[in-house]
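Structure first, commentary second.
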Amino acid sequence: MEKKRIKNSRYITGIDGIRTLAVIGVILYHLLPSYLPGGYLGVPILLVISGYLITDLLRQEWKQNEKIDVLKFYIRRLKRLYPSLVTVLVVSTAYITLFQRNLLNNIRGAVFSSLLYVNNWWQIDHGLSYFDRFGNESPFTHLWTMAVEGQNYLIWPLLFILLIKFVRRKDWIFYILTIGGLLSAIGMAVGFTPGEDPTRIYYGTDTRIFSILIGNALAFIWPSTRLKEEIPDSAKKILNTAGLASLFLLIVSYIFMDDRFSFPYYGGIYLVSVVTAVLVAVTAHPGASLNRWLTNPVFSYLGKRSYGIYLYQFPVMIFYEAKVNVANNVWLHVFIELALIVLCSELSYRFIEEPLRKFDYKKTWTMIKGWFSKPILSKQKAVGIASFIVVLIASIGVSIAPSSAVNANQAEFQEEIQENKQAAQKTKNEDDTNDSEEETQDTATDENILETYSTDIDHVTEKYGLTEKQVKQARETEVTAFGDSVLLGSTKNIQEIFPDAVIDADVGRQLYDSVDLLQELKDEDNLKENVVLALGSNGYADEAQFDDLMDVIGDRKVYLINVRVPTQRWQNDNNSLFKKMNDKYKRITLVDWYDLSNENTNWFREDQVHPTDVGRVEYTSLLAEKILE
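For the sequence shown, our numbering assigns the number 97 to the initial residue and increments by one for each residue that follows.
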């Protein structure tokens, strides 16, 4: 039936090769971000391919039939995409209901927004960041891409018909789509603010549609069925050179275009989309050699399953990493996760995608009636019962999911974080006014200070295992503590021992965005003689970035707290770097939180990263002992 619908359609095998490179980039970006920091660019590559192929098919259908059957287009897309999507949502939700109920929060909205292809806008509306794994741990985070594509599939056939009927000229349509893509890219650039979370522009259809529009535009000037196989050698050489150059540029962008830089949002992702269009154009040309070079059994296998591979990557990673300490034996766990992703996609492709893509849904009722007549021990009966149980469990999970965005434990933690933020800011503000009040307070005694902060020495000594002498010494010790949410959660504990401490900590903070923040503290005279650094929980640390931090800190004493993040691969690398920095800089004292806490899992919350009340006491006590030695 498909061949009759479009007579001259041809399958471009090299496109599977490009899909493979794209999906490998995305997965390695999630698994090994320090090794492939630009792997996220696989997404715009996939979007360009999608835009080109869909428009190319629509042009062929219009040329053959002089009309587009929009309803049949929608049905074909749903038959191709929906079975695997529904399977991922149902199976993942059932697993969460049985084994990982902390992920039930937001599950209802995530599932229904994914089914309606509005997941990207739902995540934006709920303030869920793509770049915050601790605050937004979900097996469905990546489905924002499916939403952008789904919205395009809904609108593009209608827009295509309007353009063909009223604009007509292919070159004009190309220019209109190109201008539309430029406006979308400009929207991304205008909406980006360095130092702020870029999720809004990263997820937004309006600021990501340019990749699809570039693919759409290409199909109007480079239709696959109009390209000639016989071309001059000089033209072939130009095409091959352009194709190889574009492939090389994409690989380079994978390695160097880190999402933490501003360049991707100021045109970098747009340029990658343009380069991808060149690669797709050359691959689609039968006279070039690139299609043959990108065609091999491995690329063909992975390319055909790229949709499933993309869908299953996050569920596999989230579920596996929650149960296994991936910080040890990093490469072993990477290979295991890759194998699980490919296995899931293979099962989905073989038993879900292909059978249901070819299935005649008009025979659904006949199939159901036939199922009831099957023997109780038949394979069909067993599969049907198992499927029903999985759907039932998933339905229960959705129905019992908390109506609020967070569960009680998370709500308590978020409340604590907010209170600690306020406490840290209050101390910082008070420190700013100290100079103007010093003359009226320079006769204050240690007892006055203790009374001012309403802290009982005996209570502090007993709680933190410190001596009375150490507590009094702490009252006179100037400290600036700088770090991420692990430090932030211990703000009040630190202030019990060091009431005058300046604490600047925030959720999701990393080493790369800390230099300017430390410089601000220094300019405000809030960088004291003893500086506590508590970074490295949220991503890989870099030696050059650390050196920049030390340049800002100068000759002050530094107390560097290492990390315990068993669910993340960067734990051991960061701790090794911190040990190296301890050896490199004599003014650094390493605070070995990892060694003290690693075997005490009861000191941590569910994420195994943020300490509980007991853990915060141990964390603060260890830090205080190092500072007061």
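Note that the Cβ used here is the ideal one computed from N, Cα and C, for glycine as well.
Inter-residue spacing [alpha-carbon to alpha-carbon] between residue i and residue j
i      : j      : result
Ile464 : Ile448 : 17 Å
Gly276 : Glu157 : 24 Å
Gly121 : Gly134 : 8 Å
Glu98  : Thr460 : In this prediction, Glu98 has a pLDDT of 42, which is less than 50 and means its spatial position is unreliable; nothing more can be read from the coordinates.
Pro662 : Asn668 : 9 Å
Gln569 : Glu721 : 11 Å
Leu181 : Leu211 : 8 Å
Phe410 : Leu398 : 17 Å
Tyr560 : Asn421 : 30 Å
Tyr298 : Tyr361 : 9 Å
Ala423 : Val430 : 11 Å
Glu726 : Leu719 : Residue 726 lies beyond the stretch modelled for the chain, which goes from 97 to 725, so this question has no answer here.
Glu442 : Ala630 : 43 Å
Thr708 : Asn387 : 56 Å
Gln219 : Trp240 : 8 Å
Ile272 : Gly113 : 30 Å
Leu153 : Phe195 : 43 Å
Tyr148 : Arg115 : 13 Å
Met353 : Leu473 : 55 Å
Arg264 : Phe256 : 10 Å
Neighbourhood of residue i by C-beta, 6 Å cutoff - its chain only, sequence neighbours within 5 removed
i      : result
Thr372 : Ile141, Val144
Val710 : Trp699
Leu124 : Leu132, Gly135
Ser581 : Val603
Val426 : Arg665
Tyr406 : Val119
Asp355 : Tyr136
Ala190 : Val486, Ile489, Ala490
Lys175 : Arg453
Tyr226 : Thr295, Tyr298
Ser188 : Pro235, Pro411
Asp281 : The sequence shown places Ala at residue 281, not Asp. Once the five neighbours on either side are set aside, the close Cβ partners of Ala281 are Phe306, Tyr366.
Ala540 : Because Ala540 carries a pLDDT of 43, less than 50, the predicted location of this residue cannot be relied on, and the following value inherits that uncertainty. So no residue of the chain qualifies.
Leu607 : Leu631, Ala637, Gln641
Phe248 : Reading off the sequence, residue 248 comes out as Asn, not Phe. Ile308, listed in sequence order.
Which of helix, strand or coil DSSP assigns to residue i
i      : result
Ala315 : helix
Tyr715 : helix
Tyr131 : coil
Lys653 : strand
Glu533 : With a pLDDT of only 49 at Glu533, under the threshold of 50, the placement of this residue in the model should not be trusted; the figure read from the coordinates follows. It is helical.
Val214 : coil
Val582 : helix
Asn626 : strand
Arg605 : coil
Arg265 : coil
Asp302 : helix
Thr708 : coil
Asn424 : coil
Ser610 : coil
Arg106 : coil
Pro451 : helix
Ile593 : helix
Beta-carbon contacts of residue i that lie in its chain and below 8 Å, excluding the five residues immediately before and after
i      : result
Leu199 : Ile192, Glu233, Ser234, Pro235, Ile414
Lys477 : Trp467, Lys470, Pro471
Val567 : Ile553, Val556, Thr557, Ile593
For residue i, the first and last residue of its enclosing alpha helix (DSSP H)
i      : result
Val244 : 240-258
Ala341 : 329-352
Tyr136 : Segment: none, Tyr136 is in no alpha helix (DSSP H) and carries neither H nor E.
Tyr445 : That residue, Tyr445, is in no alpha helix (DSSP H); it is neither H nor E in DSSP.
Ile464 : 460-468
Tyr560 : 553-560
Endpoints, beta strand (DSSP E) assigned at residue i
i      : result
Gly579 : 575-579
Asp600 : 598-601
Cutoff 7 Å; reference residue i; Cβ partners in own chain excluding five residues on either side
i      : result
Ala384 : Lys332, Leu335, Asn336, Gly339, Val378
Phe270 : Ala313, Phe316, Ile317
Tyr178 : none
Ser184 : Checking the sequence, you will find Val at residue 184 rather than Ser. Contacts found: Leu407, Tyr408, Pro411.
Arg197 : none
Val186 : Val486, Val487, Ala490
Arg304 : Val244
Residue-level contact to chain B via CB, residue i, 8 Å cutoff
i      : result
Asn201 : Among the chains in the structure shown there is no chain B, since it carries only a single protein chain.
Residue i CB to nearest heavy atom of the ligand MG below 7 Å
i      : result
Lys618 : The model depicted lacks the ligand MG and carries no ligand whatsoever.
### Query
Taking only runs of the alpha helix (DSSP H) that begin and end inside the stretch 630-706, which ones reach a length of at least 4 residues, in chain order?
Counting only runs of 4+ residues, the alpha helix (DSSP H) found wholly inside the stretch 630-706 occupies 639-649, 666-680, 689-693, in chain order.
### Query
Unbroken alpha helix (DSSP H) runs of length 4 or more, entirely within the stretch 153-204: which are they?
Counting only runs of at least 4 residues, the stretch 153-204 fully encloses the following alpha helix (DSSP H) elements, listed from N- to C-terminal order: 166-195.
### Query
What residue ranges within the stretch 355-420 form continuous alpha helix (DSSP H) runs of no fewer than 4 residues, ordered along the chain?
If we require 4 residues or more, the alpha helix (DSSP H) runs fully inside the stretch 355-420 come out as 364-380, 386-389, 393-400, 402-419.
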